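Each residue of the sequence shown is one higher than the one before, starting from 23 at the first, in our numbering.
One structure is given here, and the rest of the page talks about it.
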Amino acid sequence: MSRAETVSVSVRPRPLWTLGLFRDELRTTFRRWRTLALLGVLAAVPVLVGIAVRIETGDGSSGGGGGGGPAFVSQITNNGLFLVFTALAATLPFFLPMAVGVIAGDAVAGEAGAGTLRYLLVAPSGRTRLLLTKYATVMVFCLAATLVVAVSALAVGALLFPLGDLTTISGTRITFGEGLLRALLIALVVAASLLGVAALGLFVSTLTNSGIAAMATTVGLLITVQILDQIPQLHALHPYLFSHYWLSFADLMREPVHWDDVTRNLGLQALYAAVFGSAAWARFTTKDVTA
Numbered sequence: 023m024s025r026a027e028t029v030s031v032s033v034r035p036r037p038l039w040t041l042g043l044f045r046d047e048l049r050t051t052f053r054r055w056r057t058l059a060l061l062g063v064l065a066a067v068p069v070l071v072g073i074a075v076r077i078e079t080g081d082g083s084s085g086g087g088g089g090g091g092p093a094f095v096s097q098i099t100n101n102g103l104f105l106v107f108t109a110l111a112a113t114l115p116f117f118l119p120m121a122v123g124v125i126a127g128d129a130v131a132g133e134a135g136a137g138t139l140r141y142l143l144v145a146p147s148g149r150t151r152l153l154l155t156k157y158a159t160v161m162v163f164c165l166a167a168t169l170v171v172a173v174s175a176l177a178v179g180a181l182l183f184p185l186g187d188l189t190t191i192s193g194t195r196i197t198f199g200e201g202l203l204r205a206l207l208i209a210l211v212v213a214a215s216l217l218g219v220a221a222l223g224l225f226v227s228t229l230t231n232s233g234i235a236a237m238a239t240t241v242g243l244l245i246t247v248q249i250l251d252q253i254p255q256l257h258a259l260h261p262y263l264f265s266h267y268w269l270s271f272a273d274l275m276r277e278p279v280h281w282d283d284v285t286r287n288l289g290l291q292a293l294y295a296a297v298f299g300s301a302a303w304a305r306f307t308t309k310d311v312t313a
């Protein structure tokens, strides 16, 4: 074996190095005040919703009711578990994707802006491994943010409202234990619904050395897509927008479960993750890193 081959072998990244890089990235991300502030805001949303419903129904009225979207609000007073579904429905259109967009947008651009990206690439991790580690960290944040909303809502629901067997959207009764399992499944589906935004934000993050610019651009694109999804004249475009099937998780509270829109949503998120993840890889692996 030549000396060049020996050096190549000696600096080849090992699995333990990859795990260590991932662990360090998680530690860095979840220790930032920005991340903690975002999780705090997400945890506060179910509290505000629960208090608002409690005040509205304090006179004994059933409350909730009208309007579009998942029929969960009117059920909260009967069963606090419905606050989990309501909180996820309230945060998914904007709060959750905005938080993910901020973390994803800052993933690469923030390192470049702080001058630490070059030093990360000096270590034997490789650009592909580093990018995958960044995306995996954002995926963990997607799950953590969703669980923060769900757990906060469950705690507030248990404090302010009764718990017990619940009635599905289809009108059938299921046990509280099955309801908890459905709540967990819904939380996982909601977390998976954010993977498209995460890939988009990561791609934007590779285009600039400014973390603030990357975060603002990602959130701006998110708002633009949401607006486009509300314009009736663009109905032919709607099924291809990553946000179109987000609220399909309500079908998991039917009996039997309606899987069609849920699988369309997950498939669409996988497509966005593949397209923008590949674009991020192509850009990052050819990018001239000077910071």
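Every residue, glycine too, gets a C-beta built ideally from N, C-alpha and C.
These numbers come from a predicted model, not from an experiment.
Euclidean distance between Cα positions of Leu224 and Thr79: As a first step, residue 224 must be located in the sequence shown, where it is residue number 202. As a first step, residue 79 must be located in the sequence shown, where it is residue number 57. Roughly 43 Å separates the two Cα atoms.
Length of the line joining the Cα atoms of Val241 and Lys309: Mapped onto the sequence shown, residue 241 falls at position 219. Mapped onto the sequence shown, residue 309 falls at position 287. Between Val241 and Lys309, the C-alpha separation is close to 23 Å.
Alpha helix (DSSP H) segment containing Ala184, residue limits: Residue 184 sits at position 162 when you count from the first residue of the sequence shown. For the record, residue 184 in the displayed sequence is Pro; it is not Ala. Where Pro184 is concerned, there is no enclosing alpha helix (DSSP H), given that its DSSP letter is neither H nor E.
C-alpha distance - Leu293 paired with Val162, whole-angstrom precision: Reading the sequence shown from its first residue, position 271 is the one you call residue 293. Reading the sequence shown from its first residue, position 140 is the one you call residue 162. Distance between the alpha carbons of Leu293 and Val162: 19 Å.
Other residues of its chain near Arg149: CB distance less than 7 Å, five sequence neighbours each side excluded: As a working note, residue 149 is residue 127 in the sequence shown. For Arg149, where only same-chain residues beyond five positions count, the Cβ hits under 7 Å are Leu143, Phe306 and Thr307.
Where Thr40 sits in the DSSP three-state scheme: Taking the first residue of the sequence shown as position 1, residue 40 is located at position 18. Note: Thr40 maps to helix in three-state DSSP.
Selection from Leu103, Leu64 and Ile249 that minimises the alpha carbon distance to Ala112: Your numbering for residue 112 matches position 90 in the sequence shown. The residue with the shortest Cα to Cα distance from Ala112 is Leu64.
Cβ contact check for the region 125-138 and the region 95-108: 3 or more pairs under 8 Å: no
Runs of alpha helix (DSSP H) lying entirely within the region 86-133, each at least 4 residues, in chain order: 104-113
Helix, strand or coil at Ile245 [DSSP, three-state]: In the sequence shown, the residue the question calls residue 245 occupies position 223. Three-state result, Ile245: helix.
Counterpart residues of Ile196 in DSSP-defined beta bridges: Here residue 196 refers to the residue found at position 174 when the sequence shown is read from its first residue. For Ile196, which the question treats as bridged, DSSP gives the partners Leu188.
Rounded C-alpha distance that separates Thr138 from Leu207: In the sequence shown, the residue the question calls residue 138 occupies position 116. In the sequence shown, the residue the question calls residue 207 occupies position 185. Rounded to whole angstroms, Thr138 to Leu207 spans 38 Å at the Cα level.
CB of Ser232 within 8 Å of CB of Gly135, strictly: For this step, residue 232 is matched to residue 210 along the sequence shown. For this step, residue 135 is matched to residue 113 along the sequence shown. The answer is yes: Cβ separation under 8 Å.
Distance cut-off 7 Å: Arg56 Cβ against heavy atoms of the ligand MN: The ligand MN is not part of this structure, which contains no ligands at all.
Rounded separation between Leu256 and Phe264 - CA only: Here residue 256 refers to the residue found at position 234 of the sequence shown. Here residue 264 refers to the residue found at position 242 of the sequence shown. Straight-line Cα distance between these residues: approximately 14 Å.
Cβ-based burial, Phe304 [other Cβ within 10 Å; buried from 16]: Within the sequence shown, the letter at position 282 stands for residue 304. The sequence given here has Ala at residue 304, not Phe. Result: exposed.
Neighbour-count burial assignment, Ala258, 16 or more Cβ in a 10 Å radius: Counting from one through the sequence shown, the residue named residue 258 turns up at place 236. Under this definition Ala258 is an exposed residue.
Nearest-angstrom beta carbon gap, Thr168 and Leu118 [assumed within contact, 8 Å]: Indexing the sequence shown from 1 puts residue 118 at position 96. Indexing the sequence shown from 1 puts residue 168 at position 146. The pair is a contact, with the Cβ atoms about 7 Å apart (cut-off 8 Å).
Start-to-end residues for the alpha helix (DSSP H) that takes in Ala272: The residue you call residue 272 lines up with position 250 of the sequence shown. Element bounds for Ala272: n/a, residue is neither H nor E.
Per-residue burial, Gly314 [other beta carbons within 10 Å of its own, 16 or more giving buried]: With the chain represented from 23 up to 313, any question about residue 314 goes unanswered, as that position is not in the structure.
CB contact flag (Leu165, Ala213, <8 Å): By one-based count along the sequence shown, residue 165 stands at place 143. By one-based count along the sequence shown, residue 213 stands at place 191. Yes, these two residues count as a Cβ contact at 8 Å.
Residue closest to Met275, alpha-carbon to alpha-carbon, out of Val171, Leu48, Arg140 and Phe198: If you number the sequence shown from 1, residue 275 lands on position 253. Comparing Cα-Cα distances from Met275 to each of Val171, Leu48, Arg140 and Phe198, the minimum goes to Phe198.
Short Cβ contact (8 Å threshold) for Trp268 with Pro115: Reading the sequence shown from its first residue, position 246 is the one you call residue 268. Reading the sequence shown from its first residue, position 93 is the one you call residue 115. Result yes, Cβ atoms of Trp268 and Pro115 sit closer than 8 Å.
Cβ-based burial, Val279 [other Cβ within 10 Å; buried from 16]: Translated into positions along the sequence shown, residue 279 becomes position 257. So Val279 counts as exposed.
Environment of Ala59 [buried if 16+ CB atoms lie within 10 Å]: If you number the sequence shown from 1, residue 59 lands on position 37. So Ala59 counts as exposed.
Start and end residues, alpha helix (DSSP H) containing Trp22: Here the chain has residues from 23 to 313 only, and residue 22 is not among them.
Local conformation of Gln255 per DSSP, three classes: Counted from its first residue, the sequence shown places residue 255 at position 233. Helix at Gln255.
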